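J.: Residues in the sequence shown are numbered from 10 upward in steps of one, following this note's numbering. Beta carbons are placed, not taken as given, at the ideal position from N, Cα and C, and that holds for glycine. None of these values were measured; they are calculated from a predicted model. Handing you a structure now.
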Amino acid sequence: MRLGSRQERGRKSPPFCSIRQSKGDKMAKLSVYYDNKMNLLAFKDLEKVEANLFFSIVARAKEKGGEKLTLSFNEIAEFLEANYTNKQLREMIIKGVGKVVRTAIKWENDEGIRIFTLFKEFLIPHNENYLTVSINEPFLFILNSFENGGFTAFELAEFSSLSSKYTQTLYRLLKQFKKTGFRSIKWSDFLEIMDIPKSYQMCDIDKQILNPAIAELTQEANIFNQNNPIFKKLTYKKIRGTGRGRPVEKIEFYFMPETNEPKEQKQNEKALQHIAQDIKKEQMLKELKRSSQEQPKRIDPFTGKELTGLEPYRLRNMRFKNQFGEYDILKIQNIEQEPSGKIIISVRNVDDNHTSTMKFDSLKHFENTFNLHQI
């Protein structure tokens, strides 16, 4: 990913990490500001607790500049949902710090690629309830660089209350565009920034990541949290290309932008309503197309099993040379395809009625073998 390219312009920003004190709830007194370029960085393998620890540190980093920063366990625990003993906090922080330290930043510009860690050193003294941290100067430079004037801001209490690292990351990505209500991002970049496992299929991403995150970020207000929903009318749309298989090229998010103008709010609500209707219409067309392509199930009256496109191969014969140099005639008794795509057939030797099983990696593999040995 190339940083330092075209960035979203915003208002003239304050210094990077500014602590804003306010009266009232203890959990609402710390806000963080950072350059929008940091939203393009993938914080690999950081779970929710480590992310809370990381942003708690960077939110206070500006007050110390490049000097060592001292944080008490109480400060860190302020943004954790559960109550922990100092022993539990120590163990959690040691584990979390280990992962944070290993997180590397990849920074690319016209000069080349620089890779460095975020922090020089963490120190957790024995029998003490605090830690000290030194931040690498290149990271300070990134955090304090506002050449394009764009910055992202959010409350750490709200960020820390989110249930998963995926929801937290999507929250940060959308907060950058809270004034426009629209975010478009290249699909490959989205997968990298969200740190989505490469093993996830599209259905896994929807079911386990996107849908739960959208549901949480659009949750209505309740007696415990009056600030919900965080993003009103949030929805998303995948934009597909025109190549073979129409792969997803980018993903777009739509939500109500923040505004104090009633007229603008009505216009935004109307626009979002049309967008939601278009997305719903596309989904309905996909479902209709899928259902029209599905063939009705056919059941074998003798076996009670579903008849498939493989059924014509049943009771067909194949001829193979055995270990004695003679030919065996094998009759296909049953043929099935596993969810993985593998083909399993059971065959019977017509000479001695010996039965055995043959496995093929794919339908193509089976068809090639059958065409070569059929009689």
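Which residue wins for smallest C-alpha separation from Ala-280, given the options Thr-244, Val-257 and Thr-251?
T.: Counted from its first residue, the sequence shown places residue 280 at position 271. Nearest option by C-alpha distance: Thr-244.
J.: Using alpha carbons as the reference points, say which of Thr-141, Asn-362, Glu-291 and Lys-351 lies closest to Leu-372.
T.: Here the question's residue 372 lines up with position 363 in the sequence shown. Leu-372 has its Cα closest to that of Lys-351, out of Thr-141, Asn-362, Glu-291 and Lys-351.
J.: Hey, Phe-264 and Leu-149: beta-carbon distance below 8 Å or not?
T.: Here residue 264 corresponds to residue number 255 of the sequence shown, with the count starting at 1. Here residue 149 corresponds to residue number 140 of the sequence shown, with the count starting at 1. For Phe-264 and Leu-149, no; Cβs fall outside 8 Å.
J.: Looking at Leu-226 and Thr-176, is the spacing between their C-beta atoms short of 8 Å?
T.: Numbered from 1 along the sequence shown, position 167 holds the residue referred to as residue 176. Numbered from 1 along the sequence shown, position 217 holds the residue referred to as residue 226. Cβ distance < 8 Å, so Thr-176 and Leu-226 count as in contact.
J.: If Leu-62 and Val-110 are in contact, beta carbons under 8 Å, what's the gap, nearest whole angstrom?
T.: Your numbering for residue 62 matches position 53 in the sequence shown. Your numbering for residue 110 matches position 101 in the sequence shown. Contact doesn't hold; Cβ gap of about 11 Å is too wide.
J.: What's the gap between the Cα of Lys-246 and the Cα of Gln-282?
T.: By one-based count along the sequence shown, residue 246 stands at place 237. By one-based count along the sequence shown, residue 282 stands at place 273. Roughly 14 Å separates the two Cα atoms.
J.: Decide if Phe-88 is buried, meaning its Cβ has at least 16 other Cβ atoms within 10 Å, or exposed.
T.: Within the sequence shown, residue 88 is the residue found at index 79, counting from 1. Buried, because 16 or more other Cβ atoms sit within 10 Å of the Cβ of Phe-88.
J.: Is it the case that the Cβ atoms of Ile-102 and Ile-133 are separated by a distance below 8 Å?
T.: By one-based count along the sequence shown, residue 102 stands at place 93. By one-based count along the sequence shown, residue 133 stands at place 124. Cβ atoms of Ile-102 and Ile-133: closer than 8 Å.
J.: Label Leu-324 either buried or exposed according to how many other C-beta atoms from any shown protein chain fall within 10 Å of its C-beta, with 16 as the threshold for buried.
T.: Within the sequence shown, numbered from 1, the residue matching residue 324 stands at position 315. So Leu-324 ends up on the exposed side.
J.: Which of helix, strand or coil does DSSP assign to Pro-24?
T.: Mapped onto the sequence shown, residue 24 falls at position 15. At Pro-24 the pLDDT is 33, less than 50, meaning the model places this residue with poor confidence; the figure from the coordinates comes in the next sentence. Note: Pro-24 maps to coil in three-state DSSP.
J.: According to DSSP, is Ser-193 helix, strand or coil?
T.: Walking along the sequence shown from the start, residue 193 turns up at place 184. Strand at Ser-193.
J.: Going along the chain, which residues of its own chain have a beta-carbon closer than 6 Å to the beta-carbon of Ile-144, five neighbours each way excluded?
T.: Counting from one through the sequence shown, the residue named residue 144 turns up at place 135. Counting only Cβ-Cβ distances below 6 Å, and skipping sequence neighbours, we find Ala-70 and Phe-128.
J.: Just to confirm my understanding: we take Asn-326, look at its own chain, exclude 5 residues before and 5 after, and list those with CB closer than 6 Å. What are they?
T.: The residue labelled residue 326 in the question sits at position 317 within the sequence shown. Answer for Asn-326: Ile-338, Lys-340 and Ile-384, listed in chain order.
J.: Give me the DSSP bridge partner(s) of Asn-358.
T.: Walking along the sequence shown from the start, residue 358 turns up at place 349. Answer is Leu-339.
J.: For Asp-361, count neighbouring C-beta atoms within 10 Å of its own C-beta (all shown protein chains included) and say buried if the count is 16 or more, exposed if not.
T.: Against the sequence shown, residue 361 aligns to sequence position 352. Exposed, because fewer than 16 other Cβ atoms sit within 10 Å of the Cβ of Asp-361.
J.: Drop a sphere of 10 angstroms on the beta-carbon of Thr-79, count the other beta-carbons inside from all chains shown, and report buried for 16 or more, exposed for fewer.
T.: Against the sequence shown, residue 79 aligns to sequence position 70. Thr-79 comes out exposed.
J.: So is Phe-369 buried or exposed if we call it buried at 16+ other beta carbons inside 10 Å?
T.: For this step, residue 369 is matched to residue 360 along the sequence shown. Its Cβ being crowded by 16 or more others within 10 Å, Phe-369 is buried.
J.: Would you decide whether Ile-248 is buried or exposed? Buried here means 16 or more other CB atoms lie within 10 Å of its CB.
T.: Here residue 248 refers to the residue found at position 239 when the sequence shown is read from its first residue. By the neighbour-count rule (16 or more Cβ atoms within 10 Å), Ile-248 is not buried but exposed.
J.: Looking only at C-alpha atoms, which of Arg-357, Thr-364, Tyr-336 and Ala-60 sits nearest to Asp-203?
T.: Position 194 of the sequence shown, counted from the first residue, corresponds to residue 203. Note that residue 203 corresponds to Met in the displayed sequence, not to Asp. Per the Cα distances, Ala-60.
J.: If you draw a straight line from the alpha carbon of Ile-124 to that of Thr-378, how long is it in whole angstroms?
T.: As a first step, residue 124 is located in the sequence shown; it is residue number 115 there, counting from the start. As a first step, residue 378 is located in the sequence shown; it is residue number 369 there, counting from the start. Using only the alpha carbons, I get a separation of about 51 Å.
J.: Do three or more CB pairs link the stretch 39–53 to the stretch 161–168 at distances below 8 Å?
T.: A contact exists between the stretch 39–53 and the stretch 161–168.
J.: Tell me, to the nearest whole angstrom, how far the beta carbon of Asn-48 is from that of Gln-185; I am working on the premise that it is less than 8 Å.
T.: As a first step, residue 48 is located in the sequence shown; it is residue number 39 there, counting from the start. As a first step, residue 185 is located in the sequence shown; it is residue number 176 there, counting from the start. Contact holds; Cβ gap of about 6 Å.
J.: Nearest CA to the CA of Asn-9: which residue from Gly-105, Thr-94 and Ser-170?
T.: Look at the range of the chain in this structure, 10 to 384, and you will see that residue 9 is not part of it.
J.: Between the beta-carbon of Ile-194 and the beta-carbon of Ile-114, is there less than 8 Å?
T.: Residue numbering aside, residue 194 sits at position 185 when the sequence shown is read from its first letter. Residue numbering aside, residue 114 sits at position 105 when the sequence shown is read from its first letter. Taking 8 Å as the Cβ cut-off, Ile-194 and Ile-114 do not qualify as a contacting pair.
J.: Given a cut-off of 8 Å, decide if Pro-266 and Lys-432 are closer than it, judged by their beta-carbon atoms.
T.: No statement about residue 432 is possible, as the shown extent of the chain runs from 10 to 384 and does not include it.
J.: Can you tell me which residues form a DSSP beta bridge with Ser-81?
T.: Indexing the sequence shown from 1 puts residue 81 at position 72. Paired residue(s): Tyr-139.
J.: Would you list the residues sitting across from Gly-121 in a DSSP beta bridge?
T.: Counted from its first residue, the sequence shown places residue 121 at position 112. Answer is Asn-118, bridged to Gly-121.
J.: Report the partner residues of Thr-369 according to the DSSP bridge assignment.
T.: In the sequence shown, the residue the question calls residue 369 occupies position 360. According to the sequence as given, residue 369 is Phe; it is not Thr. Phe-369 is bridged to Ile-352.
J.: Tell whether a beta-carbon distance below 8 Å holds between Ile-353 and Thr-366.
T.: As a first step, residue 353 must be located in the sequence shown, where it is residue number 344. As a first step, residue 366 must be located in the sequence shown, where it is residue number 357. Yes. Within cutoff.
J.: I need the straight-line Cα distance from Phe-375 to Ile-288, nearest angstrom please.
T.: Numbered from its first residue, the sequence shown carries residue 375 at position 366. Numbered from its first residue, the sequence shown carries residue 288 at position 279. The alpha-carbon atoms of Phe-375 and Ile-288 are separated by roughly 41 Å.
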